[in-house]
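Residue numbers (the working numbering), protein chains in the order written: chain A, 1 to 290; chain B, 291 to 684; chain C, 685 to 770.
Quick reminder that beta carbons are idealized off the backbone N, C-alpha and C, glycines included.
What follows is a short report on a single structure.
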C-alpha cells in the first residue's frame, strides 16, 4: 500500500519543481499559513506547470488554473461566486509569478483590487519569466542577465529598474500590502495570516530565488534570499491602511556586492556597475528609513 | 406578459429569470443595455446576483470561469472587440467544461472601426467549443437564452446566444415575457458535478500533456455533438412550458422549392417577407434558417437543402482568403452526398450595410439562373457592394 | 478507465505517486548526535521531504538532493554525500 508521506502538507511532494526551488517553498509555506479553507486561482507559470502535470496534482486544496494574465480576475470570480451562493469561511487566493503580476497580469490585479474583493493575492517573485526559460519581466532587477537582456557589446543586461509592484498596489488603497522572503519564513507566514484575516483585497509579494534562473547552486537558495534582505536589495515591510511598517531592519546593512557576487546572473557586472546598483539600493533604503 | 423590448433588454430579462448568481460583464456598443439593465435589476434587488464591474472583457469571462467553477450560475455579454479580447478565455471555458452562458450582439470587427452589425465577431470564434445560437427576433433572444442555460448545464459546455447588433439589440419588438414561476419549473438550479470546494479538493486546468490532450479534445467534440440532442430536448421542454419552439433549423416554404435561400438571424425575417411575396405570385422559393450554428446541424441541412437545385447563402461574414463561414460549412455538409444543390455564397450586410428586398431578390435571381443553367459561374459574390469605390466596372 | 471531462483531477496530492528521489546525485545524511530537532531543515525543504523531529528524518523517495537542508542547518548536522547507484 502506498503510504501518504507528509499528508499534512497542502502542497504534496512529487511535484516537478527544480531541486532547490525557492518558489515551491513559498507555495508550501503559504498553504501552511493559510490552511485548507482556501480556493487557489493560479496563473500559468512555473508553479502551475510543476504542480499539475495531468493526471497528477500536488494540490490538496481546490485549485484552478485558467490563463496567464488573469489570476486576479479568476480569483475575484471565485469570491463573487462564493458570495452569491452564501458560502462563507472559504478564502479566495490568487497566486501568480512576477511575470503574471507585474506585466501581463497587472490589469486584472488592478481591477480586482479596485473592486474591493475579499481575496489575497500572492506574487512569487523570482524576477523573470522563469517557466519559459528566464526571459526578463518588469520585476527583473537592474543589471541582471536574462535571455532577453543578455550581455553583449552594445547592451549589458537589464537596463530598467525593478517595477515597484507593492507601491502600485498600496497606491490602490488596498488595506494590506506586504513584502516577504522565503529566507524569513515565519515573517512570511505571519504576513499571510494577517492578510488572509482582513476582509478586502490584500497583497503579499514573496521574494523567491530561482536556482537555474539566477545561476546559483541548488543549495544556495535561502542564503541568497537572506542576503537580498541583509543588503537592502529587498526590503521586508508592510503597508497597513496606508501606514508603512518595516518589519526587518538589517542592523548593519551589508554591501550589495555580497548579494550580487553570489549569483551568476550578475557575474558580468563591472565594479562601476555594482557601484551604480549600490547607489540605487541606498536610495531605496533611504526612502524606507534603512 | 407582453412587453415592448429590444434585444438587449430581452437578454437581460432572460438572465434575471434564469436567476443567474454572478453577472460579470464589460460594456461595449451595442450590448451596453444588457449590462445596464442587469445592474439596475441588482441595484433594485430584483436580481440577487453579484454584479462584477470588471475592467475588461478578458477579465469578465475570467471571472465567470472562477464563479462557475465554484458552482455559481455565471453570465456575461459582449460584442465585437470585446468578444475578440475574451477569445482566449472562450477556449479555456470550453476546455474546462464550465456551463457559462453569454449573449453576443453581432457586430463587425475593427479595422476599420465599426459599431454596426455583421457576423464577423461570432464567426471568428466558431471554433471555440461553445454552443452557438443565432436569433431571428427578440422573443427568440429571450427564449434561446433561457434554453441555453439548460443545455449548457446538462452538457457542461458553455453556450452563446447571438443576435444582430442594432437590428435586434436596439429595436423594440413585442416579447412575451414568461413568469418567474414557470421559468423556475423549466430551469432548475445549477447542480454541478464537479466544483471547487475545500470539502472535496479538486484541480481544474491541469497541464494537458500529449498523452492525454487529444482525448480531452475528443470529449469536447463529443459533447458538442451531443448538444444537438440536448438543444432539441430543451426546445421541446420549452414548448411544453411556454408554447414556443424553434428547432435547430427552420424550414420556411422550402420542401417543394427548387430554389432556396439559406441564412441566419434577423435577416431571416426579411427573407421570409420576400418568400411570401414570391409565393403569392405562385413562385416556389423557400428559406432555410439556421438557428444552431454550433453544433452544425449537418443532417438537418442535408434533409432541408438536398432536394433543391440551387441554394443562395446570405451571410454577413467572410473568412478572408476563403469564403463565408456558413457557405463553407454548408458546402462541406454535402461532401460525399449524392444529391447536392448548387450553391452561391452571397457576402452581404457587412458593417451594418442594409440588406434590402432588392438584394434578396438579386440572390434569388442568381440562384434561379444557376438552377436553370445547371452551373454556378462565380461562387462567392458580394451583395450591395458599391462597386465603383473598389474599381469594379459594371 | 474513462477520463473525467475538462481534465479535472479529483485525487488531491496524487503527485505523491511520482517519486522524485530518482533526480538526485547527492543525498543528505543526518548526524543524529548533532541534530537538535530545531526543524529549520524541515521548514526550508522545498519538496518537503525532511521531518521536524529529533533527529530529522529524510524521505529519500522524494529528496532531489538540493542540499538546502545541509546548507541551512545551524548545527552542521547534515552532510551531502555522493550517492552510489547500482
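Inter-residue CB distance, residue i and residue j (contact presumed, cutoff 8 angstroms)
| i | j | result |
| --- | --- | --- |
| residue 80 of chain A | residue 312 of chain B | 5 angstroms |
| residue 466 of chain B | residue 309 of chain B | The pair is not a contact, with the Cβ atoms about 19 angstroms apart (cut-off 8 angstroms). |
| residue 76 of chain A | residue 342 of chain B | 7 angstroms |
| residue 711 of chain C | residue 756 of chain C | Not really, about 16 angstroms apart at Cβ, beyond 8 angstroms. |
| residue 674 of chain B | residue 643 of chain B | 5 angstroms |
| residue 124 of chain A | residue 95 of chain A | 7 angstroms |
| residue 409 of chain B | residue 605 of chain B | 7 angstroms |
| residue 58 of chain A | residue 699 of chain C | 4 angstroms |
Test: residue i CB closer than 8 angstroms to a CB of chain C
| i | result |
| --- | --- |
| residue 333 of chain B | no |
| residue 505 of chain B | yes |
| residue 494 of chain B | yes |
| residue 124 of chain A | no |
| residue 484 of chain B | yes |
| residue 54 of chain A | yes |
| residue 468 of chain B | no |
| residue 58 of chain A | yes |
| residue 514 of chain B | no |
| residue 444 of chain B | no |
| residue 402 of chain B | no |
Short CB-CB distance (under 8 angstroms) between residue i and chain B
| i | result |
| --- | --- |
| residue 704 of chain C | no |
| residue 724 of chain C | no |
| residue 36 of chain A | yes |
| residue 277 of chain A | no |
| residue 676 of chain C | Summary: the structure shown does not reach residue 676 of chain C, with chain C confined to residues 685 through 770, and so no result is reported for it. |
| residue 685 of chain C | no |
| residue 330 of chain A | Given that chain A is displayed from residue 1 to residue 290, the structure contains no residue 330 of chain A and the question cannot be resolved. |
| residue 214 of chain A | no |
| residue 65 of chain A | yes |
| residue 62 of chain A | yes |
| residue 285 of chain A | no |
| residue 39 of chain A | yes |
| residue 73 of chain A | yes |
Chain A contact for residue i (CB, 8 angstroms cutoff)
| i | result |
| --- | --- |
| residue 750 of chain C | yes |
| residue 312 of chain B | yes |
| residue 696 of chain C | yes |
| residue 337 of chain B | no |
| residue 308 of chain B | no |
| residue 719 of chain C | no |
| residue 450 of chain B | no |
| residue 731 of chain C | yes |
| residue 487 of chain B | yes |
Closer than 7 angstroms: residue i CB and nearest the ligand COA heavy atom
| i | result |
| --- | --- |
| residue 341 of chain B | Judged by which ligands are present, the structure shown has none, so any question about the ligand COA falls away. |
Contact list for residue i against chain D, beta-carbon separation under 9 angstroms
| i | result |
| --- | --- |
| residue 51 of chain A | Of the protein chains in the structure, A, B and C, none is chain D. |
**Report entry** Contact list for the segment 359-390 of chain B against chain C, Cβ threshold 8 angstroms
**Finding:** Result list: 385, 386, 387, 388.
Report task. Check each residue of the segment 217-248 of chain A: if its Cβ is closer than 9 angstroms to any Cβ of chain C, include it; give the result in chain order. Result -> Here the close residues are 217, 218, 219, 220, 221, 222, 223.
Query raised in the report: Three or more beta-carbon pairs under 8 angstroms between the segment 385-395 of chain B and the segment 345-360 of chain B, yes or no?
Result: The segment 385-395 of chain B vs the segment 345-360 of chain B: in contact.
Requested in this report: Determine which residues of the segment 737-748 of chain C have a Cβ less than 8 angstroms from any Cβ of chain A, and write them out in chain order.
Outcome: Residues 743, 745, 746, 748.
Query raised in the report: At what residue ranges does the segment 429-484 of chain B contain a whole run of the beta strand (DSSP E), taking only runs of 3 or more?
Result: Counting whole runs of 3 or more residues, the segment 429-484 of chain B contains the beta strand (DSSP E) stretches 449-454, 463-466.
**Report entry** Members of the segment 103-122 of chain A near chain B, C-beta cut-off 9 angstroms
**Finding:** Taking 9 angstroms as the Cβ-Cβ cut-off against chain B, the residues of the segment 103-122 of chain A that qualify are 107, 108, 110, 111, 112, 114, 115, 117.
Requested in this report: Anything in the segment 613-638 of chain B with a Cβ closer than 9 angstroms to a Cβ of chain A? List those residues in chain order, please.
Outcome: Residues are counted here when their Cβ sits less than 9 angstroms from a Cβ of chain A; for the segment 613-638 of chain B the count is zero.
Query - Start-end ranges of the alpha helix (DSSP H) lying completely within the segment 641-668 of chain B, minimum 4 residues - result: Fully enclosed alpha helix (DSSP H) runs of 4 or longer: 647-663.
Query raised in the report: Which parts of the segment 51-96 of chain A are runs of the beta strand (DSSP E), unbroken and 3 residues or longer, counting only runs that do not cross its ends?
Result: For the segment 51-96 of chain A, whole beta strand (DSSP E) runs of length 3 or above, ordered along the chain, are 63-65.
Requested in this report: Would you mind listing the beta strand (DSSP E) stretches within the segment 511-559 of chain B that are 3+ residues and don't spill past its ends, in chain order?
Outcome: Here the runs fully enclosed are 539-542, 549-554.
Query raised in the report: Name the residues in the segment 314-331 of chain B whose C-beta lies less than 7 angstroms from a C-beta of chain A; which are they?
Result: From the segment 314-331 of chain B, only 314 have a Cβ closer than 7 angstroms to chain A.
Report task. Please list the residues of the segment 3-33 of chain A that have a C-beta atom closer than 7 angstroms to any C-beta atom in chain C, keeping them in chain order. Result -> Those would be 4, 5, 6, 9, 12, 13, 14, 15, 17, 19, 20, 21, 24, 25, 28, in chain order.
Query raised in the report: Are the segment 152-171 of chain A and the segment 213-221 of chain A touching by the rule of at least three beta carbon pairs closer than 8 angstroms?
Result: No, they do not touch.
Query raised in the report: Below 8 angstroms, can you find three or more Cβ-Cβ pairs linking the segment 187-203 of chain A to the segment 113-121 of chain A?
Result: Yes, the segment 187-203 of chain A is in contact with the segment 113-121 of chain A.
Query raised in the report: What residues from the segment 179-205 of chain A come within 7 angstroms of chain C, judged by C-beta to C-beta, listed N to C?
Result: Result list: 185.
Query raised in the report: So, do the segment 247-256 of chain A and the segment 142-149 of chain A have three or more beta carbon pairs nearer to each other than 8 angstroms?
Result: Using a C-beta cut-off of 8 angstroms, the segment 247-256 of chain A makes no contact with the segment 142-149 of chain A, since fewer than three inter-stretch Cβ pairs fall below that distance.
Report task. Any chance you could list the alpha helix (DSSP H) runs of at least 4 consecutive residues sitting entirely within the segment 342-367 of chain B, in chain order? Result -> Segments of the alpha helix (DSSP H) lying fully in the segment 342-367 of chain B: 347-359.
Requested in this report: Evaluate the contact criterion for the segment 724-732 of chain C versus the segment 20-32 of chain A: three or more CB pairs, one atom per stretch, below 8 angstroms.
Outcome: Judged by Cβ distances under 8 angstroms, the segment 724-732 of chain C makes contact with the segment 20-32 of chain A, as three or more pairs qualify.
Query raised in the report: Relative to chain C, which residues along the segment 416-436 of chain B have a C-beta separation below 7 angstroms, given in chain order?
Result: Flagged: no residues at all.
Requested in this report: For the segment 369-379 of chain B and the segment 496-505 of chain B, state whether three or more C-beta atom pairs, one from each stretch, are separated by less than 8 angstroms.
Outcome: Between the segment 369-379 of chain B and the segment 496-505 of chain B, the count of Cβ pairs shorter than 8 angstroms is below three; the stretches do not touch.
Query - Inter-stretch contact at 8 angstroms, needing at least 3 Cβ pairs: the segment 586-594 of chain B / the segment 555-567 of chain B - result: Between the segment 586-594 of chain B and the segment 555-567 of chain B there are fewer than three C-beta pairs closer than 8 angstroms, too few to call the two in contact.
Query raised in the report: Of all the residues that make up the segment 75-103 of chain A, which are near chain B by a beta-carbon distance shorter than 7 angstroms?
Result: Those residues of the segment 75-103 of chain A placed with their C-beta closer than 7 angstroms to a C-beta in chain B are 75, 76, 77, 78, 80, 81, 82, 83, 84, 85, 90, ordered along the chain.
Query raised in the report: Between the segment 347-358 of chain B and chain A, which residues of the former have CB atoms less than 9 angstroms from a CB of the latter, in chain order?
Result: Hits within the stretch, in order: 348, 349, 350, 351, 352, 353, 354, 355, 356, 357, 358.
Query raised in the report: Using Cβ-Cβ distances below 9 angstroms, what residues of the segment 753-769 of chain C are close to chain A?
Result: The segment 753-769 of chain C vs chain A, Cβ under 9 angstroms: 753, 754, 755, 756, 764.
Report task. Starting from the N-terminal side, write out each stretch of the beta strand (DSSP E) that is 3 residues or longer and does not extend beyond the segment 7-47 of chain A. Result -> As summarised for the segment 7-47 of chain A, the continuous beta strand (DSSP E) elements at least 3 residues long and confined to that stretch are 38-42, given in chain order.
Query raised in the report: Is the number of C-beta pairs between the segment 56-71 of chain A and the segment 125-135 of chain A that are closer than 8 angstroms three or more?
Result: They do not touch, by the three-pair rule.
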